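Protein chains in written order, with my numbering: chain A, 83 to 538; chain B, 4 to 52.
All residues carry an ideal CB built from backbone N, CA and C; glycine is no exception.
Quick caveat, the model's predicted, so the values are computed rather than measured.
Single-structure report; data block below.
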């Protein structure tokens, strides 16, 4: 593979590990664009005369492909190294955007689905896991902080892309009236995709050029691996392969933890706009529709900060304890919401923000939890397999909240009553996740790799 | 910034020569990120209007 080969990127002794987070961020900030599909979606709908369900397809396929490619290609990503992975991610993600540009220009929607969702989704999966596992190897003393930085970048990608995409679409001829897209020329959409593709390719190139893997035996200066103690009992000095990891109960307990923690967060995220307006519609101080985007932005901020803050805290208090907080604390927040409903707007905003910060924290801390349990040997590949929990949660969370809200609307209910049952279901799911977290014990020695095998 | 070196070896080099690269690479990702956060905070203001 030459330039892309793992052997070409072994860091020289004077390499600074602080060059690795920007390399990781250049990929995560780019691929995080996928969450800004909500901005492009209405334009595609109007410009190509599609229904809402049709226009959601590129995003949905993208998320499914993210989970699938991370799970299927994860082991190869580990073997070939992060430069190969970042370059492949760049080619797939940006190539997908260029294909989508062609689709918009020729008004062939299937090309947008195939490009943005199919090819781009593969780029998302490879680009998501590789920088994370590389950072874990560079920061064995602070793996939570390291993964928090990268995964915060994935959330941050949407923050950059949303206003940027809107500005581009408007600049190329999209016209909106009363907050809704009225005119969206296909060429405006095509140009937007094209510029995204080229700009992200340039942006991600930094990661491809800058990424390095630590030399065998490298550790941070002055760092001594901590001795075993009760709190650190879950931190293994042994290595487990991806193939063996999925045979352990620990993997599946963590799968449940991630799935239900994400389900609980995504349920609120999905319905945040209608939720705040419905909750306070019948109160003396209703939340006007124009204020709802402010609430969504506040939740995004909590989600992003939760990724870096809680994940860093997990380095100090341990992974099991931080998930106790995410799951137990999250359930408590949901209980407050269900109990006090619309009695206090401040309490509502604070509770939802805390829930979203735990949602982000859950995403960001899980790679460090995997590293604790299974070592660094194939942590990226194991992470890839675990992300299938995200794919399931991405369907489950919105399904629960939407189905209940629809049924209650049909029963002529309104206000908080549309959501209270969903809130109690989320408490139940978080309680199951809490139990699953309690069941996690150190991995049995029969799953450990022989020392000679476990050199990445 | 922590100097990095293989276990068992002394500090074989310094990151001082990498400082411009570190600054540039953090600016490369930090500036777009700051733009995104600025726009986000701008939107948060809508909730309190």
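I need the DSSP call for residue i, collapsed to helix, strand or coil.
i              : result
residue 453(A) : helix
residue 494(A) : coil
residue 92(A)  : strand
residue 525(A) : coil
residue 295(A) : strand
residue 201(A) : helix
residue 2(B)   : There is no way to answer for residue 2(B), as the model of chain B reaches only from 4 to 52.
residue 467(A) : helix
residue 397(A) : helix
residue 219(A) : helix
residue 406(A) : helix
residue 133(A) : coil
residue 426(A) : coil
residue 391(A) : helix
residue 189(A) : coil
residue 20(B)  : helix
residue 177(A) : helix
residue 208(A) : helix
residue 98(A)  : coil
residue 369(A) : coil
residue 161(A) : helix
residue 38(B)  : helix
residue 87(A)  : coil
Classify residue i as buried or exposed, calling it buried when 16 or more other Cβ atoms lie within 10 Å of its own Cβ.
i              : result
residue 496(A) : exposed
residue 99(A)  : buried
residue 140(A) : buried
residue 366(A) : exposed
residue 528(A) : exposed
residue 166(A) : buried
residue 191(A) : buried
residue 512(A) : buried
residue 325(A) : exposed
residue 262(A) : exposed
residue 102(A) : buried
residue 312(A) : Only weak support is given to the placement of residue 312(A): the predicted model assigns it a pLDDT of 48, under 50, and the question is left unresolved by the model.
residue 397(A) : buried
residue 243(A) : buried
residue 145(A) : buried
residue 51(B)  : exposed
Of the choices the options, whose alpha-carbon is the least far from that of residue i?
i              : options                        : result
residue 382(A) : 235(A), 177(A), 270(A), 97(A)  : 235(A)
residue 482(A) : 145(A), 445(A), 282(A), 353(A) : 353(A)
residue 520(A) : 303(A), 386(A), 406(A)         : 406(A)
residue 84(A)  : 151(A), 163(A), 138(A)         : 163(A)
residue 409(A) : 421(A), 392(A), 424(A), 398(A) : 392(A)
residue 288(A) : 533(A), 172(A), 394(A), 191(A) : 172(A)
residue 137(A) : 150(A), 244(A), 123(A)         : 123(A)
residue 356(A) : 480(A), 530(A), 230(A), 525(A) : 480(A)
residue 442(A) : 230(A), 86(A), 196(A)          : 230(A)
residue 197(A) : 103(A), 142(A), 389(A)         : 142(A)
residue 459(A) : 177(A), 135(A), 323(A)         : 323(A)
residue 303(A) : 220(A), 282(A), 508(A)         : 220(A)
residue 178(A) : 160(A), 147(A), 111(A), 156(A) : 147(A)
residue 156(A) : 214(A), 417(A), 119(A)         : 214(A)
residue 475(A) : 503(A), 151(A), 344(A), 485(A) : 344(A)
residue 387(A) : 439(A), 471(A), 175(A)         : 439(A)
residue 284(A) : 120(A), 91(A), 168(A), 477(A)  : 168(A)
residue 363(A) : 195(A), 347(A), 425(A)         : 425(A)
residue 176(A) : 114(A), 120(A), 415(A)         : 114(A)
residue 507(A) : 431(A), 532(A), 416(A), 477(A) : 416(A)
residue 211(A) : 358(A), 448(A), 119(A)         : 448(A)
Provide the residue(s) that pair with residue i in DSSP beta bridges, ordered along the chain.
i              : result
residue 421(A) : None; residue 421(A) has no bridge partner.
residue 258(A) : 263(A)
residue 530(A) : 322(A)
Could you tell me whether any Cβ in chain A is nearer than 8 angstroms to the Cβ of residue i?
i             : result
residue 35(B) : yes
residue 26(B) : no
For chain B, check one thing: does any of its Cβ atoms lie closer than 8 angstroms to the Cβ of residue i?
i              : result
residue 238(A) : yes
residue 312(A) : In this predicted model, residue 312(A) has a pLDDT of only 48, less than 50, meaning its place in the structure is not dependable enough to derive any value.
residue 208(A) : no
residue 377(A) : yes
residue 418(A) : no
residue 384(A) : no
residue 242(A) : yes
residue 454(A) : no
residue 480(A) : no
residue 111(A) : yes
residue 100(A) : yes
residue 533(A) : no
residue 179(A) : no
**Message:** Please identify, using Cβ separations under 7 angstroms, the residues of the region 273 to 290 of chain A that lie next to chain C, in order along the chain.
**Reply:** Going by chain labels, chain C is absent from the structure shown, which instead holds the protein chains A and B.
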